[in-house]
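Trainee: First, the structure itself, so that you have it in front of you.
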Amino acid sequence: MSIEQTTLNRAQSITSILSAVAIPIVIAIVGWWVQSSISDESIKKDYVQMAIGILNSPDKQKDDEMRKWAVAILDKNSPVPFSANLREKLEQGSTVIMPSFPSPPEILMKPPLALEALPEQETVTVRDMLISTVENYGRCRENALTLEYLQKWLVEVKAIYESP
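Residues 1 to 164 in the working numbering are what the sequence shown lists, from first letter to last.
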């Protein structure tokens, strides 16, 4: 073997070892960085929710320092800074931040099923009437279930928004 080939083999061995060691280290560092970012965003979200809860509390004059802290948290995490006037109104409790109202599940937003009329024939048999009645009963039952679950969903959402 020539000296060039020996040097090339040695360099190839060293780079293989270094890459085998470096890849897990790089993956660990990137994973830590991503996890840290996710954790920071989660903490910010929790603080924003806490601040909104403080500002929306019924006892608006309870603690001025707490309200100022809540406004500072919202202002710090807002992509658009609050104006001085809005900051002051939020601190005094004269403006309330309303969280967005969630949309109901899509299946509950379908329009009700229409009832089907009897087929237009010269003579309508008892069989035709029974089939039409059973089919329309099924439509009515589906409409009633959709309405029932929509009402239950609204009651649950209302309870969330009215909880202290």
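From the three backbone atoms N, C-alpha and C, an ideal C-beta is built for every residue, glycine too.
Given the structure is predicted, the values throughout are model-derived calculations rather than measurements.
Starting from G93, trace the alpha helix (DSSP H) both ways and give me its first and last residue.
Mentor: Walking along the sequence shown from the start, residue 93 turns up at place 93. Here G93 belongs to no alpha helix (DSSP H), and DSSP marks it neither H nor E.
Trainee: Taking 8 Å as the cut-off, does the region 134-151 touch the region 81-98 (at least 3 CB pairs, one atom from each stretch)?
Mentor: no
Trainee: Under the three-state reduction of DSSP, which class applies to V30: helix, strand or coil?
Mentor: Within the sequence shown, residue 30 is the residue found at index 30, counting from 1. Reduced to three states, the DSSP call for V30 is helix.
Trainee: Run the CB neighbour count on R10, radius 10 Å, all protein chains shown included, and call it buried at 16 or more, exposed below.
Mentor: Walking along the sequence shown from the start, residue 10 turns up at place 10. The residue is exposed, with fewer than 16 neighbouring Cβ atoms inside 10 Å.
Trainee: Decide if L55 is buried, meaning its Cβ has at least 16 other Cβ atoms within 10 Å, or exposed.
Mentor: Here residue 55 is taken as the residue at index 55 of the sequence shown, counted from 1. Buried.
Trainee: Does DSSP classify D63 as helix, strand or coil?
Mentor: Working through the sequence shown from its first residue, we reach residue 63 at position 63. Note: D63 maps to coil in three-state DSSP.
Trainee: Please confirm whether P105 and V157 have their CB atoms less than 8 Å apart.
Mentor: Numbered from 1 along the sequence shown, position 105 holds the residue referred to as residue 105. Numbered from 1 along the sequence shown, position 157 holds the residue referred to as residue 157. No, the pair does not count as a contact, with Cβ atoms beyond the cut-off.
Trainee: Give me, in chain order, the residues of the same chain whose beta-carbon lies closer than 7 Å to that of D128; leave out the 5 immediate sequence neighbours on both sides.
Mentor: As a first step, residue 128 is located in the sequence shown; it is residue number 128 there, counting from the start. Same-chain partners within the cutoff: L118 and P119.
Trainee: On the DSSP letters alone, give me the boundaries of the alpha helix (DSSP H) that L145 sits inside.
Mentor: As a position in the sequence shown, residue 145 is number 145, starting the count at 1. Run containing L145: V126 to E162, per the alpha helix (DSSP H) assignment.
Trainee: Kindly indicate which residue of D75, V124 and T6 has the alpha-carbon position closest to the one of Y47.
Mentor: Translated into the one-based positions of the sequence shown, residue 47 becomes position 47. For the residues D75, V124 and T6, the minimum Cα distance to Y47 belongs to D75.
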